[in-house]
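Colleague: In the UniProt record's numbering, the protein residues as written are 6 to 849.
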Ligand code: HT7
Ligand code: ZN
């Protein structure tokens, strides 16, 4: 397959002045008529007129009214065109009902919908389907479906038709159309500019009771973007549509966001607190794209992090403001380490701004999104809040209506601050997670911290240059008092020292506060010091981090040396559990054991070969020891965290429930599931019901409740995804693959639905001891199903291949088993470009 390079970028030879589209919808034969005004692009030299087009049946094409016969070439068509402006008209036929890839125009549950990012518009009509071609769109939809939606403002509607006009020039990837038998939850919002905006969430009849939270989150997002970034909404209507079959979470199409129904529909009975928080964040994320992505878009797909990194950063800020900054930061770092560090330290590592790709859909990654957001956070730390705000104002002023690059983005910061950001730019071009080694010295009242940075080789990048690393540091004395408040150390060299003078005794350092850079900190420390920081650090992130480092050290010694659970750790845990001054959500995080994946990653990084079975056994032993150490405390803590009254998804109540469910997990190991069974029976919301079921399944006592859960919820698609997923996630190592296999035979296993497929196989892949069971059954089962899904939905298949990305961590036997499955997948005739690229990169 052909590789595309960033260095090959050239602008398209023509500007698009306006686009008119007419859709005559029919499941097997939709007609799309396009009328597009082109004019030569004065900024381009190449006048080749090439339009992308895939899986289209061309019925007619005309230029300035005269029929033409274009030349079909790989991925589209070419035509001879006049020297000046001209009108292109074409009619094509497509079959949305046959489109199982969920890209372009397709059908889900009887409704028509679209997904055009990144390159789906070319499956709708012939067009220069690239983000730097921006145009205004007018759309006419002809269909007997009652609700007909597209981007922009409504122009008019009648029996069997509707017209929409989007006045804001946009690239084709932001085009959207929806037609269906839908009902809406409506509201209004008045912007700070006085615009009265109609808001709608459109859902299938029956789901209207699950829209209120999403609507509230949308209004809070609109207000927040006005208050914090000065950004107001710019159309008279904002529509959100919930769709059951969707490859990702949601899509920010201009004025017509389309959501995976799991990312917008919520009710207390069917959604957990985690679901509510995720829905709030995704609604905010898609809404924030209206400025960071839509008004200012990307010049080409290599610049994806320009919109995604910034928009993730903005949604993280929003959640922090709405809930708790400390808890949000810890959650974000857990995700970053769990997904991005894993990616950055394996065969799929790539720069935040990649320099080549075969299939762009394979680059919607944790590196582009989550590491991309970390880069924004580092920039903000380096320049300070005031300069960040000024730079963002300049970015919006200077680039509104443009398709921009990372160079444009960094230039606004350079212009506002006078700084040279060329070294900072390495964060965008160099893959891999830097290791930051720390040495300390104390002499004559001067405390010196010496840092050494190094980044391991990644595919195609054997050698790395030193980066700018913002290191936030505080110092404590031995009573726990802060003698040096948080200070920014700006590291620019490979090895660099920083001194703190005038100290009366050697301080205890708190390094990389708030996780100020996406690096792996390597520092010799004692468990006594970790316990001290867990008790005294004023930086909530590092307080939590100290507890986590302590737990990881204990677990590592249990795994590698067969040591027992360290009583000092169990003491520290008791103190956290008892500390009522701590936010329950924070306490829940601090009491959580490091994941088995996290331990495997840490062992591998320390040069050891992780054994998933041993890790699992040690984790179970430690969990039991923790339960026993805390047993006197657990019933009281459980009772104290009870939230009376009707369910509310607010952060305070959710934090208490999180702690209650954490406590329940420990209690269940002591009381054979008694408390969990009581909680299950009494639960009036999904957080408590699912928390109880998870506890019971973990101790292998949840058979009756699993059956009851199915009977209660079999009609609810989103709850059934939880039912499928939880059974696999909680299965014992030797049972995980068989549990997943048996579930694939269940009547409700609709493997063409990405949510259901991910519920089973995503859960298998994230149950490390189960997936990596020495039998290899997990590998074989996943490979079987990836082979089956690939011809139907290449995008979802390719994304799920990352389950295998850590394969080189493991022993020779497991590597052999995985390699055989990867080769089996790769040898499938007709394997998609998406999956071929992923497997090839994983094997390289
Ligand atoms: N910008 C979107 C990314 C996206 C996507 C969404 C749904 C289905 C397929 C997709 N391909 C790319 C989502 C976002 O980041 O907001
Ligand atoms: Zn996004």
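Glycine included, each C-beta is placed from N, C-alpha and C at the ideal position.
From this set, 273, 358, 341, which residue's C-alpha is nearest residue 308's C-alpha?
Modeller: Nearest option by C-alpha distance: 358.
Colleague: Could you check if residue 249 is buried or exposed, using at least 16 other CB atoms within 10 Å of its CB as the buried criterion?
Modeller: Buried.
Colleague: Residues in its own chain within less than 6 Å of residue 7 by CB, not counting five upstream and five downstream?
Modeller: Result list for residue 7: empty, nothing under 6 Å.
Colleague: Could you give the residue range of the beta strand (DSSP E) that holds residue 479?
Modeller: Segment 474-481, the beta strand (DSSP E) holding residue 479.
Colleague: Would you say the beta carbon of residue 116 is closer than 7 Å to some non-hydrogen atom of the ligand HT7?
Modeller: False, no ligand heavy atom lies under 7 Å from that Cβ.
Colleague: Given a cut-off of 8 Å, decide if residue 155 and residue 121 are closer than it, judged by their beta-carbon atoms.
Modeller: Result no, Cβ atoms of residue 121 and residue 155 do not sit closer than 8 Å.
Colleague: For residue 316, verify whether its CB is less than 7 Å away from any heavy atom of the ligand ZN.
Modeller: Because some heavy atom of the ligand ZN lies under 7 Å away, the Cβ of residue 316 counts as near it: yes.
Colleague: Skipping 5 residues on each side, what residues in its chain have a beta carbon closer than 6 Å to that of residue 822?
Modeller: Once the five neighbours on either side are set aside, the close Cβ partners of residue 822 are 781, 784.
Colleague: Determine the direct distance from the alpha carbon of residue 315 to that of residue 378, and round the result to whole angstroms.
Modeller: The straight-line gap from Cα to Cα measures roughly 6 Å.
Colleague: For the candidate residues 567, 51, 112, 770, whose alpha-carbon lies nearest to that of residue 86?
Modeller: Residue 86 has its Cα closest to that of 51, out of 567, 51, 112, 770.
Colleague: Could you spell out the range, first to last residue, of the alpha helix (DSSP H) harbouring residue 316?
Modeller: Looking at the DSSP string, the run of the alpha helix (DSSP H) that includes residue 316 is 309-327.
Colleague: Anyone know if the C-beta pair for residue 590 and residue 697 falls short of 8 Å?
Modeller: No. Outside cutoff.
Colleague: Taking C-alpha atoms, which residue in 260, 414, 530, 390 lies nearest to residue 312?
Modeller: For residue 312, the nearest C-alpha among the options comes from 414.
Colleague: Going by the CB atoms, is the gap between residue 142 and residue 171 shorter than 8 Å?
Modeller: Yes, the Cβ-Cβ distance between residue 171 and residue 142 is below 8 Å.
Colleague: Any idea if residue 807 is buried or exposed, counting beta-carbon neighbours within 10 angstroms, 16 or more meaning buried?
Modeller: Its Cβ being crowded by 16 or more others within 10 Å, residue 807 is buried.
Colleague: Going by DSSP, which residues form a beta bridge with residue 19?
Modeller: DSSP, once it has assigned bridges, lists 45 as partnering residue 19.
Colleague: Compare the Cα-Cα distances from residue 666 to each of 848, 645, 650, 655 and report the closest residue.
Modeller: Of the listed residues, the one whose Cα sits closest to residue 666 is 645.
Colleague: Residue 525 lies in the beta strand (DSSP E); which residues open and close that run?
Modeller: Start and end: 525-527.
Colleague: Return helix, strand or coil for residue 265, following the three-state DSSP convention.
Modeller: Three-state DSSP puts residue 265 in a strand.
Colleague: How far does the beta strand (DSSP E) with residue 458 in it reach, from first residue to last?
Modeller: Taken as a continuous stretch (DSSP letters only), the beta strand (DSSP E) holding residue 458 covers 451-459.
Colleague: Can we count residue 762 as close to the ligand HT7, meaning its CB is less than 7 Å from some heavy atom?
Modeller: The answer is no for residue 762.
Colleague: Terminal residues of the continuous beta strand (DSSP E) containing residue 81?
Modeller: Counting along the chain, the beta strand (DSSP E) containing residue 81 begins and ends at 81-83.
Colleague: Can you tell me whether residue 129 is helix, strand or coil according to DSSP?
Modeller: Residue state, collapsed to three classes: coil.
Colleague: Within 7 Å: the Cβ of residue 367 and any heavy atom of the ligand HT7?
Modeller: No.
Colleague: Mark residue 490 as exposed unless 16 or more other C-beta atoms lie within 10 angstroms of its C-beta, in which case mark it buried.
Modeller: Exposed, because fewer than 16 other Cβ atoms sit within 10 Å of the Cβ of residue 490.
Colleague: Could you pull out every residue in the same chain whose Cβ sits closer than 6 Å to the Cβ of residue 463, ignoring the five residues on either side in sequence?
Modeller: Only 354, 436, 437 meet the Cβ criterion.
Colleague: Secondary structure at residue 147, three-state DSSP: helix, strand or coil?
Modeller: Residue 147 falls in the strand class under three-state DSSP.
Colleague: Going by DSSP in three states, residue 666 sits in which element: helix, strand or coil?
Modeller: Three-state result, residue 666: helix.
Colleague: Bridge partners for residue 117 per DSSP, in chain order?
Modeller: BP columns for residue 117 point to 112, 184.
Colleague: Output the distance between the C-alpha atoms of residue 844 and residue 836, rounded to the nearest integer angstrom.
Modeller: For residue 844 and residue 836, the distance between alpha carbons rounds to 10 Å.
Colleague: Answer with buried or exposed for residue 657, where buried requires no fewer than 16 other C-beta atoms within 10 angstroms of its C-beta.
Modeller: That one is exposed.
Colleague: Can you check which of these residues, 616, 675, 546, is closest to residue 818 by C-alpha distance?
Modeller: It is 616 whose Cα lies nearest to the Cα of residue 818.
Colleague: At which residues does the beta strand (DSSP E) containing residue 835 begin and terminate?
Modeller: No beta strand (DSSP E) contains residue 835, which DSSP labels as neither H nor E.
Colleague: Counting only beta-carbon separations shorter than 8 Å, does residue 529 have a partner in chain C?
Modeller: Given the protein chain composition of this structure (a single chain), no chain C is represented.
Colleague: Any heavy atom of the ligand HT7 inside 7 Å of the beta-carbon of residue 120?
Modeller: Indeed, a heavy atom of the ligand HT7 lies less than 7 Å from the Cβ.
Colleague: Helix or strand or just coil, what does DSSP make of residue 197?
Modeller: Residue 197: coil per DSSP, three-state reduction.
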